[in-house]
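Okay, so here's the structure we're looking at.
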Amino acid sequence: MFQQPSPQSTMDTLGDPSTTLWTVRALLAAGIVYTATEYVADITLCEGPSMSPTIRPSGDIILLDKWSPRRYGLQYGSDGGQRAQRARQAQDAFLRKQTVDRDDADHVWHEPRIPVSDLIGKASWREVWRQVTSPLQVGDVVVVHHPSRKGTVCKRVLGLPGDQVLPERVLGSGVRGRLVVVPDGHLWLEGDNPANSADSRSYGPVPAALLVGRVLFRVWPLR
1 MFQQPSPQST MDTLGDPSTT LWTVRALLAA GIVYTATEYV ADITLCEGPS
51 MSPTIRPSGD IILLDKWSPR RYGLQYGSDG GQRAQRARQA QDAFLRKQTV
101 DRDDADHVWH EPRIPVSDLI GKASWREVWR QVTSPLQVGD VVVVHHPSRK
151 GTVCKRVLGL PGDQVLPERV LGSGVRGRLV VVPDGHLWLE GDNPANSADS
201 RSYGPVPAAL LVGRVLFRVW PLR
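So for the sequence shown, the UniProt record's numbering puts the first residue at 1; every next one is plus one.
Structure below.
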């Protein structure tokens, strides 16, 4: 004989509705946080002497942009030949513009309308906006997975695919002063403190697939 379960037994089976709701909310929040830190941005500690004085050896907390490198990739692409062609086109366009501007210029001196001291903060935010809306470029500071061991390193991009770099020294090798062409899909990374940095001069160009993100700015300490 079928017996309909009582409301109390049904609630006991399903659990407290408020507890279930809070569990769902916690799972959603955890999913949002994971997605944001994995694919959008994250805060991390960067330490060591290799990036001094940009980053203190004792460590700085930095904001890492993970979205724009995935969205925009490398400047002019990851193929060296295509990058060289597009770079030449950009250079030709720049030279043509310089010629036109020079012909049209009236050479009138203008005093600055905004005090220089007011430009520092605004220029900084403009730089942040430029980074999050543009592909990875030479000069950007990045965090990458180390190519030969566990962990990550913070370095500056000095070469993109197709670029020729001339290392001041190559650690552990005898190719000092030899031009190195950065292969397709790779980055040439060096520290801002070259005398105390193990970087692409020792382990060679780093695959772009090892890129974790681009450093936007220092979160702490404020200086």
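Positions of the beta carbon are idealized from the N, C-alpha and C atoms, including for glycine.
It should be emphasised that the depicted structure is a prediction, and the values quoted were computed from it without experimental measurement.
For the options 25, 130, 212, the alpha carbon positioned closest to that of residue 152 is the one of 212. Shown here, residue 47 sits in coil according to DSSP, grouped into three states, outside any helix or strand. For residue 217, the pairing in a beta bridge is given by DSSP as 63. Pairwise C-beta distances place the segment 83-97 out of contact with the segment 61-73, as fewer than three of them are shorter than 8 Å. When Cβ pairs closer than 8 Å are counted between the two stretches, the segment 39-48 is seen not to touch the segment 180-189, the count staying below three.
Between the alpha carbons of residue 165 and residue 128 lies a gap of roughly 27 Å.
Contact check for residue 205 against residue 74 fails: the beta carbons are separated by 8 Å or more. In the three-state scheme derived from DSSP, where H, G and I count as helix and E and B as strand, residue 194 is classed as helix. The straight-line gap separating the alpha-carbon atoms of residue 150 and residue 144 is approximately 11 Å. With contacts defined by Cβ atoms closer than 8 Å, residue 216 and residue 131 form a contacting pair.
Counting of Cβ neighbours within 10 angstroms places residue 69 among the buried residues, the total reaching 16 or more. Beta-bridge pairing by DSSP links residue 152 to 145. At the C-beta level, residue 196 and residue 18 stay beyond 8 Å of one another. In this structure residue 142 is in contact with residue 155, their Cβ atoms being roughly 7 Å apart against a cut-off of 8 Å. A direct Cα-Cα distance of roughly 47 Å separates residue 185 from residue 20.
By the C-beta density criterion, residue 39 is exposed, having fewer than 16 other C-beta atoms within 10 angstroms. Inclusion of residue 76 and residue 134 in the CB contact set at 8 Å is not warranted, their separation being larger than that value.
Contact between residue 147 and residue 203 holds: their C-beta atoms lie close to 5 Å from each other, under 8 Å.
Taken through DSSP and simplified to helix, strand or coil, residue 138 comes out as coil. Per DSSP, residue 26 has no beta-bridge partner at all.
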